[in-house]
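In the numbering used here, the protein residues as written are 1 to 659.
Here's what the structure looks like:
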């Protein structure tokens with residue numbers, strides 16, 4: 001029962017219970033003014049137990065009666081600790097009211113006063129062997145009960161001074177508790193301060209890292225900054241970066257994100273989900289952070305650390321670092337791509353200007369071949385032109401001499417594929433299971449291939465192919481660039497071909513297929529400027545007007561074409577045959593002596609007489625020039641040949657005369 005004559009308030013401020021706390025006077029006053037609150041009650045069991053253990057060590061000289069047991073209870077009446085005692089009379093392990101009913105401890109906690117119950121006043125049989133005394137322990141400022149100290153004495157052994165002794169013990173216990181509380185408080189402050197300082201250092205470091213990351217506009221520098229920062233912060237941590245894009249780095253820690261490797265599952269899940277993923281195995285902790293920007297996920301940063309070496313604060317810090325690195329990587333990558341695009345546009349512009357500056361097809365193709373070899377760092381390049389009439393592709397330009405003018409059927413090789421699909425081709429390795437055979441690839445022993453059709457108005461007019469002897473040499477960016485360049489190259493080839501065709505029509509006689517008179521004059525003039533000699537044959541069909549009058553102009557045209565064919569077959573490739581006018585034809589033979597020219601003229605005369613139908617004959621006038629002549633000109637050469645022709649006519653036709 002509660003000790004009579006003691007009010008609650010007087011107990012709360014009882015000098016024996018609420019005296020000096022015993023805390024160290026060395027601590028600042030503001031620390032000693034800190035106190036427990038009712039919100040701390042669910043969390044103070046450990047503090048109570050440790051303080052009780054310390055108090056027991058210091059209370060060894062207390063004049064307790066033999067067989068006395070001291071019990072420390074929480075305000076919810078759960079037992080926190082008990083002093084050692086006689087094993088034959090154990091103190092109850094559970095002190096809740098549901099089990100023991102009212103006890104001195106529960107009465108002291110409820111009334112906030114010391115309480116004393118005799119053995120026969122206990123409702124629980126487990127306490128009827130004891131007299132029980134209890135005093136509440138109050139907080140030092142707000143005065144709420146945060147514990148109770150109970151004393152169990154063998155029944156009838158109380159001498160009357162035990163309650164005051166217990167009150168003194170409670171004071172001592174509270175001093176021990178507050179000393180521990182103040183030390184814990186100071187320790188928590190120090191830990192909080194250390195944590196705050198650490199967080200501040202991390203924030204400052206993160207700020208510096210982010211600033212340096214965003215100062216870089218080069219991808220390689222961004223990646224180096226990430227690894228340097230991680231190595232500085234976590235020297236025992238192993239880090240690797242797996243990139244999904246077509247990007248090669250000189251940093252050995254940067255690797256491609258491969259779907260086929262077994263240990264890539266963690267990284268692939270982080271990459272696909274765009275969220276952090278981790279796993280633990282054999283004491284190691286592997287964490288995968290997605291390297292993401294605003295436009296997507298570019299790769300995964302994987303850390304491998306000891307399981308206990310990384311806390312959640314570290315994880316959050318690396319996550320923020322990776323997030324900033326992803327944005328910086330994206331910015332640097334976009335900057336590099338923009339520079340590449342600007343370079344490509346500049347290259348396309350320059351290449352287009354150079355291609356269009358020359359209207360000679362051979363010059364255009366040779367220039368394009370050299371530029372493509374340099375641009376794509378290729379080993380071989382081929383530009384082919386489609387001849388739809390003959391149904392084949394012809395190698396018009398190549399750095400492989402043995403393949404120049406090589407002809408391929410329209411259904412063969414990669415050119416055949418492009419003719420049917422009108423789509424470009426990128427091939428990583430020709431030696432792998434490639435269903436298409438290619439003579440060009442086999443002769444050059446190439447493995448990588450970029451190819452694109454040359455289109456004009458949606459129709460294939462040719463193809464361009466660049467090859468390399470190593471596998472996987474070309475990138476997808478190379479593929480896209482060749483696709484753009486091939487459009488300009490196709491237009492340039494078309495323009496050059498059209499120009500060549502127009503020029504051919506201008507310098508060629510439409511009926512006979514021989515050159516026109518003005519072209520012959522130009523060629524002779526250039527030859528006379530460089531050569532030392534040359535000869536001219538003027539051929540005239542005898543009685544041509546009579547043939548037209550007899551057989552008609554169509555037969556006359558046929559005779560002209562027959563004679564022209566005979567002339568082309570009788571002369572060299574370097575000789576120049578032209579229609580001089582009407583039924584007159586002319587042949588210039590550079591660097592040929594007069595005797596040799598006479599034999600050529602005689603051969604033509606005989607073949608015309610023998611091979612034409614209806615049969616006709618021709619008269620020929622021959623002249624020559626040498627660098628030693630007094631006058632060297634086209635006019636004088638033709639004049640002498642024309643005079644010789646008149647001489648042949650005067651002789652009776654079907655003969656050769658010299659002028």
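Glycine is no exception: its CB is placed at the ideal position from the N, C-alpha and C atoms.
Inter-residue spacing [alpha-carbon to alpha-carbon] between residue i and residue j
i	j	result
residue 444	residue 223	39 Å
residue 241	residue 346	33 Å
residue 238	residue 267	15 Å
residue 185	residue 171	20 Å
residue 569	residue 474	49 Å
residue 611	residue 416	43 Å
residue 659	residue 548	29 Å
residue 128	residue 136	22 Å
residue 112	residue 191	36 Å
residue 357	residue 557	40 Å
residue 210	residue 310	22 Å
residue 298	residue 272	10 Å
residue 578	residue 514	5 Å
residue 479	residue 409	25 Å
residue 496	residue 418	22 Å
residue 21	residue 178	For residue 21, the predicted structure reports a pLDDT of 41, less than 50, and the residue's modelled location is therefore unreliable. A value from the coordinates is still provided. Spanning the two alpha carbons is a distance of roughly 7 Å.
residue 97	residue 139	24 Å
residue 437	residue 390	22 Å
residue 648	residue 373	59 Å
Same chain, Cβ closer than 7 Å to residue i, five either side skipped, listed in chain order
i	result
residue 542	616, 617, 618, 619, 653, 654
residue 315	287
residue 431	447
residue 494	456, 461
residue 213	222, 225, 324, 325, 328
residue 580	517, 538, 586
residue 551	614
residue 574	590
residue 95	73, 77, 78, 79, 103, 105
Buried or exposed by the 16-neighbour rule on C-beta atoms within 10 Å, applied to residue i
i	result
residue 420	exposed
residue 657	buried
residue 109	buried
residue 511	exposed
residue 661	Look at the range of the chain in this structure, 1 to 659, and you will see that residue 661 is not part of it.
residue 169	buried
residue 396	buried
residue 535	buried
residue 369	buried
Residues near residue i by beta carbon distance below 6 Å, same chain, minus five either side
i	result
residue 352	488
residue 608	563, 566, 618
residue 411	none
residue 530	none
residue 601	537, 620, 622, 656
residue 202	317
Residue i and residue j closer than 8 Å at C-beta
i	j	result
residue 348	residue 462	no
residue 465	residue 449	yes
residue 583	residue 544	yes
residue 217	residue 332	yes
residue 255	residue 227	no
residue 92	residue 167	no
residue 64	residue 173	no
residue 182	residue 34	yes
residue 645	residue 621	yes
residue 307	residue 283	yes
residue 147	residue 45	no
residue 483	residue 424	yes
residue 398	residue 404	yes
residue 49	residue 82	no
residue 70	residue 149	yes
residue 554	residue 632	no
residue 524	residue 598	no
Spatial neighbours of residue i in its chain, beta-carbon cut-off 8 Å, leaving aside the 5 residues before and after
i	result
residue 459	none
residue 230	237, 239, 303, 318, 321
residue 206	317, 320, 321, 324
residue 276	270, 287, 288, 289, 290, 315, 319
residue 651	657
**Request:** Report the residue ranges of all beta strand (DSSP E) runs contained in full by the stretch 207 to 245; include only those spanning at least 3 residues, in chain order.
**Result:** 238 to 243
**Message:** Going residue by residue through the stretch 611 to 635, where are the continuous beta strand (DSSP E) segments of at least 3 residues, counting only ones entirely within it?
**Reply:** 618 to 626
**Request:** Note down, one range per segment and in chain order, each alpha helix (DSSP H) of at least 4 residues found wholly within the stretch 461 to 520.
**Result:** 476 to 507
**Message:** For a minimum of 4 consecutive residues, which ranges assigned as the alpha helix (DSSP H) are wholly contained in the stretch 320 to 393?
**Reply:** 361 to 375
**Message:** Threshold first: 3 residues or longer. Then list the beta strand (DSSP E) segments lying entirely within the stretch 108 to 165, N to C.
**Reply:** 115 to 117, 130 to 138, 145 to 154
**Request:** Could you name each continuous beta strand (DSSP E) segment of 3 residues or more that falls completely within the stretch 406 to 435, going from the start of the chain to the end?
**Result:** 407 to 409, 425 to 427
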